[in-house]
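Asker: Just so we're aligned: 30 in numbering that gives the first Met the number 0 is position 31 of the sequence shown, and the numbers increase by one with no gaps anywhere.
Quick reminder that beta carbons are idealized off the backbone N, C-alpha and C, glycines included.
Keep in mind it's a predicted model, so treat the numbers as computed, not measured.
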Amino acid sequence: MGVQLKKQAIDLGIVTTNGPAMLAFYRDVIGLAYLREMPMPGGAGVMHQLMCGDSMVKLVVADSTPDVAPKGGIQGATGYRYWTITIDNLADVLAKVEAAGHKVVVKARELRPGVQIGIVADPDGNWVEFLSVA
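(1) Please say whether S54 and L89 have beta carbons closer to each other than 8 Å?
(2) Please return the same chain residues whose Cβ sits closer than 7 Å to the Cβ of A107, not counting the five positions on each side in sequence.
(3) Within 10 Å of its beta-carbon, does A120 have 16 or more other beta-carbons around it, so buried, or fewer, so exposed?
(4) When the cut-off is 8 Å and only beta carbons count, does I13 lie next to chain C?
(5) If you compare alpha carbons, which of G113, A68, M0 and V45 is closest to A61?
(6) Identify, in the order they occur along the chain, each residue of the same chain with its Cβ nearer than 6 Å to the Cβ of G75, setting aside the five sequence neighbours on each side.
(7) Let me know the secondary structure DSSP gives P65 once reduced to three states.
(8) Would you please state the rounded distance, in angstroms, between the beta carbons of K57 and L11? I believe it to be under 8 Å.
(9) Return the chain-ordered ranges of every beta strand (DSSP E) run that is complete within the stretch 49-104 and spans a minimum of 3 residues.
(10) Tell me the DSSP secondary structure of D123 in three-state form.
(11) Let me make sure I understand the geometry here. Which of V59, I29 and Y81 has the alpha-carbon closest to that of P38?
(12) Measuring alpha carbon to alpha carbon, tell me which of T16, Q7, K6 and K5 ends up nearest P122.
(13) Got a sec? Which residues, its chain only, sit under 8 Å from E36 by beta carbon, not counting five neighbours each side?
(14) Between the C-alpha atoms of D66 and A32, what's the straight-line distance to the nearest angstrom?
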């Protein structure tokens, strides 16, 4: 038997030492709804919880400096390299990201009829893919 879901979404944890810039990116530029701040167990930092639909993005600001994952997006290394948010306003979001001084890694392009993507980099270099389905 597989998992028996209690929530039809996932929670994603992003660890950073660049708290203010990362929080501003996900809350103010991307527009995720800010839920709360809470201390991490054992004084390991603070977690900012933001909502993306039913999914939660847990932005963990570490007190110490953990190892940094290799940069380079999809081809940069193995493991988790990007995540996807399905939206209706791809052009608007990419323009807002660019206007805020962040990198649009992949400009809006059609993958197949009726499906477009765009990919941006957050302040730590993590990739966020935006998917638009007509």
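Answerer: Taking the definition as stated:
(1) Indexing the sequence shown from 1 puts residue 89 at position 90. Indexing the sequence shown from 1 puts residue 54 at position 55. No, Cβ-Cβ distance for L89 and S54 is not below 8 Å.
(2) For the purposes of this step, residue 107 is taken as residue 108 along the sequence shown, with counting starting at 1. Excluding residues within five positions, the ones whose Cβ falls inside 7 Å are L89, A90, L93, Q115 and G117.
(3) Taking the first residue of the sequence shown as 1, we reach residue 120 at position 121. Around the Cβ of A120, a 10 Å sphere holds 16 or more other Cβ atoms; the residue is buried.
(4) Looking at the structure shown, chain C is missing, and only one protein chain is on hand.
(5) Residue numbering aside, residue 61 sits at position 62 when the sequence shown is read from its first letter. A61 has its Cα closest to that of V45, out of G113, A68, M0 and V45.
(6) The residue labelled residue 75 in the question sits at position 76 within the sequence shown. Hits under 6 Å: P69.
(7) Position 66 of the sequence shown, counting from 1, holds the residue named residue 65. Here P65 sits in coil by DSSP.
(8) Here residue 57 corresponds to residue number 58 of the sequence shown, with the count starting at 1. Here residue 11 corresponds to residue number 12 of the sequence shown, with the count starting at 1. 7 Å between Cβ atoms; contact.
(9) 54-61 and 81-85
(10) Along the sequence shown, read from residue 1 onward, the residue named residue 123 stands at position 124. In the displayed model, D123 falls within coil according to three-state DSSP, outside both helix and strand.
(11) For the purposes of this step, residue 38 is taken as the residue at position 39 of the sequence shown. The residue from V59, I29 and Y81 with its alpha-carbon nearest to that of P38 is V59.
(12) If you number the sequence shown from 1, residue 122 lands on position 123. The option with the nearest alpha carbon to P122 is T16.
(13) The count along the sequence shown starts at 1 and reaches residue 36 at position 37. Excluding positions up to five away in sequence, the list reads V45, M46, H47 and Q48.
(14) Locating residue 66 in the sequence shown gives position 67, counting from the first residue. Locating residue 32 in the sequence shown gives position 33, counting from the first residue. Cα to Cα, D66 sits roughly 28 Å from A32.
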